[in-house]
Each structure stands twice: as structure tokens, then as C-alpha cells.
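One structure is given below, encoded as C-alpha cells.
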Amino acid sequence: MTEKTYDVIVVGAGNAAFCAALSAAEKGAKVLVLECAPEALNGGNSRFTAGAIRFAYNGVEDLREVMPDLSEEEIARTDFGTYTEDQFFDDMFRVTQYRTNPDLCETLIRSSFSTIRWMREKGVRFVPIYGRQAFKVDGKFKFWGGLTVEAVGGGPGLVDALTEIAKRNGVDIRYEARALSILTDGNAVTGLKIRHKGKIEEIAAKSVVLASGGFQSSPEMRTRYLGPTWDLAKVRGTAFNNGDGIRMALEIGASTAGNWSGCHAVGWDRNAPEFGDLAVGDGFQKHSYPFGILVNAEGERFVDEGADFRNYTYAKYGREILAQTGNFAWQIFDAKVTHLLRDEYRIRQVTKVSADSLEDLAGKLEGVEPARFLETVKAFNAAVKKDIPFNPNVKDGRGTEGLSLPKSNWANPLDTGPFEAYAVTCGITFTFGGLRIDTTAAVQSTDQAPIPGLFAAGEIVGGIFYHNYPGGSGLINGAVFGKIAGASAADHCKREG
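The sequence shown maps to residues 16 to 512 in this note's numbering.
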């Protein structure tokens with residue numbers, strides 16, 4: 016047994032984990048953060064995100080509290096709009112098909128603005144997402160899809176900022192420290208058994224916060240819970256989220272909740288590596304599909320690319336791509352829209368072909384039946400409602416008519432070369448099933464009662480997202496419940512003390 020003891024041990028070192036650590040330290044707790052990865056790969060999935068974070072705000076004055084560096088010139092040339100709590104509720108209920116836990120959802124949304132303001136007060140910096148969430152029309156940027164703000168430096172910047180802030184606030188951090196099991200007295204948590212750089216230790220603590228992510232990095236667990244072929248998905252982020260936190264909690268009687276057969280999965284470069292590459296970051300994603308079409312090996316479309324803003328479809332379309340023959344698809348664009356493609360389409364590590372004619376392009380689409388592809392494009396082009404103007408900033412209603420699978424918005428005939436095509440497969444971000452918590456972030460037992468001293472936050476929690484999620488809500492979910500979990504863990508220590 017080590018001599019040094021802690022009030023709160025946080026398992027994980029990403030966004031949710033550090034928000035928990037800072038919140039507990041704020042209440043006077045002695046906090047230890049455990050990260051199983053080496054320091055260079057710390058931060059879990061948070062390091063691999065683009066850093067976009069969704070929260071409710073009523074206008075630019077709220078945004079100024081989060082981004083005090085916002086200039087008058089930026090405000091003058093930008094329509095930031097509003098994203099009220101009611102709009103956030105509507106999005107959460109709609110995209111989860113009304114399955115989100117109402118109590119947890121309300122806590123998430125009602126606490127979203129105060130939490131991001133708290134993060135800013137702690138020293139995390141944020142900026143508008145001009146490059147990915149706003150298009151310039153008539154000389155003015157207009158934000159769309161309820162997502163306006165990202166952390167400076169993206170995911171790596173967020174993790175590095177939180178790490179330094181935690182250190183300044185007296186939080187101890189250990190890397191290459193894997194939690195093996197939760198210690199209890201038969202009822203309450205008493206600490207953790209860990210392996211730190213090859214040595215087994217037991218560390219006493221009055222409470223533990225699990226913020227160690229889901230099970231998306233485990234091909235075995237993906238196949239067991241998500242189903243056949245999920246072992247073939249690429250992992251967008253860290254290789255270290257193998258479900259260990261969930262396993263440890265289940266071993267002491269924790270209850271599960273949520274969409275265990277569901278996950279956040281996107282269109283991801285077909286030839287990306289098995290796990291995320293920090294040198295490329297989120298660049299393997301391909302999210303401009305609303306402005307083109309997707310075709311499978313049979314040369315046919317299989318989703319409504321313009322069903323909604325990409326914020327509300329991208330996290331579920333990865334599953335649709337994985338279900339296609341060969342687990343891949345091609346995104347097709349013509350010259351009228353290529354200027355709208357996000358920066359990720361311009362990275363060096365991209366699976367791309369181009370041609371001056373559709374006939375030449377058809378021959379370059381590896382794995383696709385060329386004749387059927389050309390028939391699909393011909394039918395699509397003829398079905399576009401050309402009398403409705405194209406506008407990328409709004410759901411413009413410029414769709415198709417007469418097709419068995421419509422495109423609802425942003426439809427343009429593919430008739431102007433050169434044409435570009437990008438090969439994508441499924442990239443899994445995180446899993447939706449996890450531990451059952453209450454609104455204090457206390458983990459519930461299979462007897463539907465809190466396990467004394469055990470709390471959880473972030474991707475490890477189930478019951479919040481089902482089938483899909485609004486873009487940017489993963490980070491705010493981790494931050495809100497991380498902050499709550501840390502405070503609850505510290506309060507538990509005071510009661511026990």
C-alpha cells in the first residue's frame with residue numbers, strides 16, 4: 016500500500032476527467048488523475064477531436080463571456096444567431112428519437128452555458144468556428160447548426176490547456192498508470208488497484224470518478240455489442256479506450272444504461288490507419304457530403320445526403336457506410352461546390368480521384384460498378400429542383416423529386432467538371448452504452464441505488480445519446496458531468512471525513 020492517499024482519484028485524462036479533477040480540487044479535495052497512455056498520447060478521445068463544443072446561448076453577449084477576445088470587427092461581419100435551451104432540447108430529442116434520459120438531458124442543457132463559462136474562467140480559451148461552421152454569403156458569415164465555438168488549438172489545445180490548469184491547481188497526474196480494479200469495503204469505494212509503469216499498487220481514496228471513455232477501441236467489444244462487421248470499423252481516436260472503466264464498475268455491481276448497440280460513427284477516409292493519427296488529427300473525416308452524393312459498390316445512392324445540416328447526420332452515417340458492400344462508399348462532387356469542401360479534403364493523406372468527365376470518373380472509382388454509377392448520376396441530375404436557389408447556410412429546400420431516395424436540400428446537378436471523388440469507410444468515435452448515473456453523476460448499482468464513492472462522466476456514461484447526437488455535444492456532455500462528478504466526489508469525501 017502506498018503511503019500517499021487521495022480524496023478523489025479520476026480515471027482518465029481527457030476533457031471530462033480534467034473537468035472532474037478541477038471541480039473536486041476547487042472544493043478542497045486532494046486529487047489524483049490516472050492516464051493509462053504515455054504522456055505524449057494523453058487526453059483520450061478529447062485529443063483527437065476538432066474541439067467544437069455545443070452549448071446554449073441567447074446571443075452575442077453570451078458568446079462574449081466565453082470569448083472575451085471577440086472583436087467588434089468580427090461581430091460586425093458575423094451573424095452568430097442564437098442557440099437557446101429550447102433549441103438544444105429540440106435537437107437532443109429529435110436526433111435521439113426521444114430516447115435521451117430526460118433528467119440527464121435537462122441537466123446537460125441547463126448547465127451547458129454556465130459550464131463553458133466556468134471553463135473559460137479556469138483558463139480554457141475559445142474562438143468562433145469560422146472554417147467549419149459558417150459560410151460567407153453577401154459579405155457576412157452566418158453560423159448554422161447551433162455550433163459556434165471551438166477550443167483554441169482544437170482537441171490537442173483543449174487537453175494541453177486543461178492539463179496545465181490542473182497542475183497549477185495542485186492536481187497530481189500519473190501517466191502509464193492503468194486502473195485494474197476498484198477497491199471497496201463491500202459497499203463503499205475505498206480506492207483503486209493500478210499498474211503504474213509495470214508495478215502493481217493500491218491507492219486509498221474516499222471516492223473515484225470514472226472518465227475513461229467507452230469501448231470503441233476494442234474490436235471484440237464492438238462486435239459483441241454493436242454487431243457483426245463492427246470489428247472492421249476504423250477507430251477515429253485513441254487506442255486506449257477499451258472499456259476497462261466499464262468492466263471495473265460492473266465487477267462491483269454497477270448498473271448499465273443506454274444504447275449499447277449504438278455509437279457515434281462517421282465517414283472516414285477508407286485508407287486511414289486502424290486508430291487515430293495525432294499528426295493528422297480529425298483530418299481523415301469527410302463531412303462535406305451534403306453538397307454532393309454518396310454511392311456504394313453497386314453505384315447507387317443509399318442515404319439522403321441533404322436530410323439535415325451535417326451536424327445532425329454525420330454521427331449516424333458511418334453506420335450506413337459500414338453496412339454497404341465492402342464497407343465503403345465514394346463521395347462525389349462537381350466543380351460548382353468544391354470551393355465549399357472543408358479543409359480535411361485537402362490533406363496529403365486522402366483517398367481521392369478526379370476526372371474531367373463523369374465517364375472518366377466512373378472508371379476511377381475503385382470497387383464501383385461504373386455503368387450503374389452513370390445511370391444513378393443521370394437520374395439524380397434530372398430530378399434536381401433547379402428553380403430553387405442553392406444556399407449552403409440554410410436548409411434551402413433545393414432537393415430532388417421523383418427519386419425513390421430523395422435528396423432534401425443542397426441538391427446540385429453533377430454536370431460541371433472537373434469532378435472529384437473521395438473514398439470513405441466507417442470511423443467510430445465513441446460508444447453510446449455505458450454506466451447508469453443520476454444527475455449528481457453518482458454511479459447506480461444493479462439495485463438502483465448509488466454506489467457510495469463512485470462517480471462517472473463522459474463517454475463511459477450511458478443514457479444520454481441514442482442512435483445519433485448533435486455535433487459538438489460530446490465535449491459539453493463530458494464537461495458538464497465531469498464538473499458535477501468532481502463536485503459530488505469532493506462532497507462525498509467531506510461527508511465521509
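Note that CB positions come from ideal geometry on N, CA and C, so glycine has one too.
About 14 Å separates the beta carbon of residue 469 from that of residue 271, a gap too long to meet the 8 Å contact definition. When only Cα atoms are considered, residue 363 and residue 46 end up about 42 Å apart.
As for any beta strand (DSSP E) of minimum length 3 sitting wholly inside the stretch 116–154, the runs are 141–143 and 149–152, ordered along the chain. Annotated three-state conformation of residue 220 is strand, per DSSP.
For residue 411, same chain residues with a beta-carbon under 8 Å away, outside a window of 5 residues either side, are 403, 404, 405, 424 and 425 in chain order. In the structure shown, residue 109 adopts helical secondary structure according to DSSP, grouped into three states.
Where residue 186 is concerned, there is no enclosing alpha helix (DSSP H), because DSSP gives it neither an H nor an E. Of all alpha-carbon atoms in 137, 336 and 22, the one lying nearest the alpha-carbon of residue 346 is that of 336. DSSP assignment within the stretch 225–309 yields the following whole beta strand (DSSP E) runs of 3 residues or more, N-terminal first: 278–284. By the neighbour-count criterion, in which 16 or more other beta carbons inside 10 Å mark a residue as buried, residue 467 falls on the buried side. For residue 349, there is no enclosing alpha helix (DSSP H), as DSSP gives it neither H nor E. When the five nearest sequence neighbours on each side are left out, the beta carbons in the same chain lying within less than 7 Å of the beta carbon of residue 414 are those of 321, 400, 421, 422, 423, 424 and 426, in order along the chain. Taken atom to atom, the span from the alpha-carbon of residue 150 to that of residue 302 is near 14 Å. With a threshold of 16 other beta carbon atoms within 10 Å, residue 50 meets it and is buried.
Non-local C-beta neighbours of residue 483 in its own chain, meaning closer than 6 Å and more than five positions away in sequence, comprise 110, 330 and 331, ordered along the chain. Here residue 67 is near residue 162, since their CB atoms are less than 8 Å apart.
For residue 193, DSSP records a beta bridge to 210. In the structure shown, residue 415 adopts extended strand secondary structure according to DSSP, grouped into three states. Collapsing the DSSP output to three states places residue 103 in a helix.
The beta carbon of residue 476 sits closer than 7 Å to those of 449, 450, 452 and 496, all from its chain and outside the five residues before and after it, given in chain order. For residue 238 against residue 245, the beta-carbon gap comes to about 5 Å, under 8 Å, which counts as contact. Rounded to whole angstroms, the separation of the alpha carbons of residue 323 and residue 280 is 17 Å. Using a 10 angstroms sphere on the CB of residue 117, the tally of other CB atoms stays under 16, which defines it as exposed.
Judged by their CB atoms, residue 435 and residue 353 are nearer to each other than the 8 Å cut-off. At a Cβ-Cβ threshold of 8 Å, residue 230 and residue 446 count as neighbours. By alpha-carbon distance to residue 218, the top candidate from 226, 431, 234 and 189 is 189. Annotation: the stretch 155–181 contains no complete segment of the alpha helix (DSSP H) (minimum length 4 residues).
Of the candidates 31, 60, 28 and 27, the residue whose Cα lies closest to the Cα of residue 232 is 60. Cβ atoms of residue 334 and residue 441 come within 8 Å of each other, at about 7 Å.
For the options 308, 295 and 341, the alpha carbon positioned closest to that of residue 358 is the one of 295.
Around the beta-carbon of residue 112, fewer than 16 other beta-carbon atoms lie within 10 Å, marking it exposed. Here residue 53 is exposed: its Cβ has fewer than 16 other Cβ atoms, across all protein chains shown, within 10 Å.
In the DSSP secondary-structure assignment, residue 435 is bridged to 348 and 369.
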